[in-house]
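Count along the sequence shown from 1, add 120, and you get the number used in the working numbering.
Positions of the beta carbon are idealized from the N, C-alpha and C atoms, including for glycine.
I have placed the structure first, in the form of structure tokens, so that the comments after it can refer back to it.
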Amino acid sequence: MAKSAEEVASAMLALLKDYHGKKNLKAMDLTKAMIEKFGEDNCDKKLCKLAIRQLVEASAGETISRCAYSYVGGSYVVLNPEYKF
């Protein structure tokens, strides 16, 4: 069964929390991990891109996004330090 962008975003957020402070993950790292976790039939690059966009952009009713891009030696997706989890 195909996954929704919200489900993939939740799984990505959990992965980012697991690796927080240990390793920086690029958007492609997250995409590959989700395709491996859910399978190519249930999750593709386009869905992962939507999920990352949901994490990086502040959703309705929120002023701060859950994640942000970091540009230290490359482009990484990191937990937003201002967001209260």
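Please report the straight-line C-alpha distance between residue i and residue j, rounded to a whole angstrom.
i	j	result
Phe158	Lys137	19 Å
Tyr196	Gly141	13 Å
Lys166	Met121	16 Å
Gly193	Asn200	18 Å
Do residue i and residue j have their CB atoms nearer than 7 Å?
i	j	result
Ser185	Val198	no
Val176	Cys168	no
Met132	Ala171	yes
Indicate the three-state DSSP secondary structure (helix, strand or coil) for residue i in the structure shown.
i	result
Cys163	coil
Val192	coil
Among the options, which residue has its Cα nearest to the Cα of residue i?
i	options	result
Glu182	Tyr196, Lys204, Asp164, Ala131	Lys204
Ala134	Met154, Met121, Ala122	Met154
Asp161	Lys123, Thr151, Lys143	Lys123
Under 8 Å Cβ to Cβ from residue i, same chain only, skipping five residues before and after it: list those, please.
i	result
Glu174	The sequence as given places Gln at residue 174; Glu does not occur at that position. Cβ neighbours of Gln174 beyond the five flanking positions: Ala125, Glu126, Ala129.
Kindly list the residues whose CB is nearer than 7 Å to the CB of residue i, restricted to its own chain and excluding five residues on each side of it in sequence; keep chain order.
i	result
Cys163	Lys123, Val128, Met154, Ile155
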